[in-house]
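If you read the protein sequences in the order shown, they are chains A and B. Position 102 of the first sequence, counted from 1, bears residue number 109 in the working numbering, the numbering being contiguous throughout. Position 57 of the second sequence, counted from 1, bears residue number 500 in the working numbering, the numbering being contiguous throughout.
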Amino acid sequence: DAGVIQSPRHEVTEMGQEVTLRCKPISGHDYLFWYRQTMMRGLELLIYFNNNVPIDDSGMPEDRFSAKMPNASFSTLKIQPSEPRDSAVYFCASSPRGHREKLFFGSGTQLSVL
Amino acid sequence: AQKITQTQPGMFVQEKEAVTLDCTYDTSDPSYGLFWYKQPSSGEMIFLIYQGSYDQQNATEGRYSLNFQKARKSANLVISASQLGDSAMYFCAMREGLRETSGSRLTFGEGTQLTVNP
Numbered sequence: 008d009a010g011v012i013q014s015p016r017h018e019v020t021e022m023g024q025e026v027t028l029r030c031k032p033i034s035g036h037d038y039l040f041w042y043r044q045t046m047m048r049g050l051e052l053l054i055y056f057n058n059n060v061p062i063d064d065s066g067m068p069e070d071r072f073s074a075k076m077p078n079a080s081f082s083t084l085k086i087q088p089s090e091p092r093d094s095a096v097y098f099c100a101s102s103p104r105g106h107r108e109k110l111f112f113g114s115g116t117q118l119s120v121l
Numbered sequence: 444a445q446k447i448t449q450t451q452p453g454m455f456v457q458e459k460e461a462v463t464l465d466c467t468y469d470t471s472d473p474s475y476g477l478f479w480y481k482q483p484s485s486g487e488m489i490f491l492i493y494q495g496s497y498d499q500q501n502a503t504e505g506r507y508s509l510n511f512q513k514a515r516k517s518a519n520l521v522i523s524a525s526q527l528g529d530s531a532m533y534f535c536a537m538r539e540g541l542r543e544t545s546g547s548r549l550t551f552g553e554g555t556q557l558t559v560n561p
């Protein structure tokens, strides 16, 4: 059974460029989450979806960040324009209905904005 | 105010021994859930164990158990019979509210780096 799949694994870009992170949740999971991990702030929830609908995006830091979930098997997190302070590991996670406690995380995307 | 506190930045344990990782939490919500996750050096986050605030018994999952002391607001993770593969960062987390509609915002602690020595 495939886990949560994120791509790319690593992304290096220059300030001002657009960055798109991708996530394929586990099939059948109703919830999808985007987290960001930094040394200074730890793990932060950016946004989560339930049945493809954004439920809570209060953790999205700025208008430069946007997330979409066009269908149950795909989500994107876009940063435009990117800034050096966006450098972090971005995790996607999914969980099944009735078992929101069991978040299954992807391997993360290490983003470096130069 | 910190909602989740992990006071041990690093812990060391000998292989085959048990180790306890500390976690205290702060909430005024009577309904909440407590979680532990493991993050090995490869980076992915792995769910280990969950305890609901109304659960009567301490949660157990294989070699992992959660020592839940509600009055003290602590949710320590106990790993029995440590293995070399247990070396990783361990995060305690909390979600306030248990209903399906109460949201899914997890608050994470800063983590404890566990090293298992052979």
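The beta-carbon is built from N, C-alpha and C at its ideal position, and this holds for glycine as well.
Taking just the CA atoms, how far does residue j sit from residue i?
i	j	result
N510 (chain B)	S523 (chain B)	12 Å
S453 (chain B)	T558 (chain B)	Residue identity differs from the one stated: residue 453 (chain B) is Gly in this sequence, not Ser. Rounded to the nearest angstrom, the two C-alpha atoms are 8 Å apart.
P15 (chain A)	L118 (chain A)	9 Å
S496 (chain B)	Y55 (chain A)	23 Å
T550 (chain B)	G23 (chain A)	30 Å
D455 (chain B)	Q526 (chain B)	The displayed chain sequence assigns Phe, not Asp, to residue 455 (chain B). C-alpha separation (whole angstroms): 12 Å.
V19 (chain A)	P91 (chain A)	10 Å
G486 (chain B)	P88 (chain A)	26 Å
E458 (chain B)	K446 (chain B)	32 Å
M47 (chain A)	T448 (chain B)	15 Å
L121 (chain A)	L50 (chain A)	22 Å
E460 (chain B)	G528 (chain B)	13 Å
E25 (chain A)	M488 (chain B)	26 Å
A514 (chain B)	S114 (chain A)	36 Å
V521 (chain B)	N501 (chain B)	11 Å
Name the two residues that bound the continuous beta strand (DSSP E) containing residue i.
i	result
L464 (chain B)	V462 to L464
K481 (chain B)	Y475 to Q482
L50 (chain A)	G49 to N57
E458 (chain B)	Unbroken run through E458 (chain B): none, as it is neither H nor E.
I62 (chain A)	V60 to D63
A79 (chain A)	Note, A79 (chain A): premise wrong, no beta strand (DSSP E); not H, not E.
Y533 (chain B)	A531 to E539
So which of the options has the shortest CA-CA distance to residue i?
i	options	result
G476 (chain B)	B:Q556, B:R538 and B:T550	B:R538
R71 (chain A)	A:T116, A:T27 and A:F111	A:T27
I12 (chain A)	A:T20, A:Q24, A:C30 and A:E18	A:C30
P68 (chain A)	A:E18, A:L110, A:P32 and A:I86	A:I86
S471 (chain B)	B:Y493, B:A536 and B:K516	B:K516
P77 (chain A)	A:E90, A:N57, A:A9 and A:V19	A:N57
N466 (chain B)	B:S485, B:E458, B:K459 and B:N519	A small fix is needed here, since residue 466 (chain B) is Cys in this sequence, not Asn. Per the Cα distances, B:N519.
R548 (chain B)	A:Y38, A:G115, A:M47 and A:L52	A:L52
L491 (chain B)	B:Q500, B:S508, B:S484 and B:D498	B:S508
H106 (chain A)	A:D37, A:A79, A:H17 and A:E21	A:D37
E21 (chain A)	A:A9, A:P32, A:G10 and A:D93	A:D93
Taking Cβ-Cβ distances shorter than 7 Å, what residues in chain D pair up with residue i?
i	result
G505 (chain B)	Among the protein chains in the structure shown, which are A and B, there is no chain D.
Give me the chain A residues within the contact set of residue i, using Cβ-Cβ distance strictly less than 7 Å, ordered along the chain.
i	result
G486 (chain B)	V96, S114 and G115
L549 (chain B)	L52
E553 (chain B)	G49
Mind pulling the chain B residues with CB within less than 8 Å of residue i?
i	result
F72 (chain A)	Residues of chain B passing the Cβ test: none, with the nearest at roughly 17 Å.
K109 (chain A)	F490 and Y493
(message) Between the stretch 98 to 115 of chain A and the stretch 39 to 55 of chain A, can you find at least three pairs of beta-carbon atoms closer than 8 Å?
(response) yes
(message) Is it the case that the stretch 467 to 486 of chain B contacts the stretch 525 to 536 of chain B, given that we only count it when at least three CB pairs across the two stretches are under 8 Å?
(response) yes
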